[in-house]
Amino acid sequence: GIQVEQSPPDLILQEGANSTLRCNFSDSVNNLQWFHQNPWGQLINLFYIPSGTKQNGRLSATTVATERYSLLYISSSQTTDSGVYFCAAPNTGGFKTIFGAGTRLFVKA
Amino acid sequence: DTGVSQDPRHKITKRGQNVTFRCDPISEHNRLYWYRQTLGQGPEFLTYFQNEAQLEKSRLLSDRFSAERPKGSFSTLEIQRTEQGDSAMYLCASSILDTQYFGPGTRLTVL
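In the order they appear, the protein sequences are chains A and B.
To convert, note that position 11 of the first sequence is 500 in the numbering used here; the numbers rise steadily by one, no gaps.
To convert, note that position 71 of the second sequence is 63 in the numbering used here; the numbers rise steadily by one, no gaps.
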């Protein structure tokens, strides 16, 4: 099945800094999602981005499907951005969604 | 609140007991997913429903686990003869197309 790898595993930022999170996937995908899990455990969908670039406020994401990676950009980070960021993609030929191990972000005030 | 809801939010049980969790998806969402998440890991897929049909089930879902979505609306996940290794957060998500919306989860602790 598809493998989804995220880097870095952990990230500490000073408030106001920018960061880039990476997601590599081992097979071609027609569906790539980014999620944020807040410190209370709630998973929030950030982007559905099988290809191209999308922006939502201080967050943007780019997926280069032909090279099998996606990037999540966080600009002017805030303490509320802390949590775990996951990317997820469907297994080839099925409905099973595979999540990466996540990037744990802590933004210091 | 029109989001995905799950009940109960927390469940503590003794090893060997049966437990059942409920998920109410966003209305009109025909797709429903169950996941399990342990500390420090990403969610692991358990099963997928499209309307009332269970179309995919993970090998993680042993014979002790069963899920239903009888009328294509709410879903239940039952774990029989719970084991300590079943302790985890059980998450439900729903969607119309590919964007999944998650509920708050049910945290299960097996003593």
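The beta carbon of each residue, even a glycine, is placed where N, CA and C say it ideally should be.
Suppose you measure from the CA of A/Pro498 to the CA of A/Gly591; what does that come to, to the nearest Å? It is roughly 6 Å from the alpha-carbon of A/Pro498 to the alpha-carbon of A/Gly591.
Which chain A residues are close to B/Tyr66, counting only those with a beta carbon under 9 Å from its beta carbon? First, the residue type needs correcting, since residue 66 of chain B is Phe and not Tyr in the sequence shown. Simply none; closest approach about 19 Å.
Are B/Glu36 and B/Leu24 touching if we call contact CB-CB under 8 Å? Not in contact: B/Glu36 and B/Leu24 (Cβ atoms no closer than 8 Å).
Euclidean distance between Cα positions of A/Leu561 and B/Gly8: Whole-angstrom Cα-Cα distance: 43 Å.
Cα-Cα separation, A/Phe595 to B/Ser86: C-alpha separation (whole angstroms): 29 Å.
Starting from A/Ala577, follow the beta strand (DSSP E) in both directions and report where the run begins and ends. Taken as a continuous stretch (DSSP letters only), the beta strand (DSSP E) holding A/Ala577 covers Gly572 to Pro579.
What residue range is occupied by the uninterrupted beta strand (DSSP E) comprising A/Thr586? Unbroken beta strand (DSSP E) run through A/Thr586: Thr586 to Phe588.
Need the endpoints of the beta strand (DSSP E) that A/Trp523 sits in, please. Looking at the DSSP string, the run of the beta strand (DSSP E) that includes A/Trp523 is Gln522 to Gln526.
If you follow the beta strand (DSSP E) that B/His2 is part of, which residue opens it and which one closes it? Here the beta strand (DSSP E) through B/His2 covers His2 to Thr5.
Along chain B, in chain order, which residues have C-beta atoms closer than 7 Å to that of A/Asn545? The contact set of A/Asn545 on chain B, defined by CB atoms closer than 7 Å, is empty, because the minimum CB distance reaches about 13 Å.
Does the segment 572 to 591 of chain A come close enough to the segment 35 to 50 of chain B that 3 or more CB-CB pairs lie under 8 Å? Yes, the segment 35 to 50 of chain B is in contact with the segment 572 to 591 of chain A.
Residues of chain A with a CB under 8 Å from the CB of B/Phe57: which are they? Residues of chain A passing the Cβ test: none, with the nearest at roughly 15 Å.
Three-way DSSP call (helix, strand, coil) for B/Gln76 in this model: It is helical.
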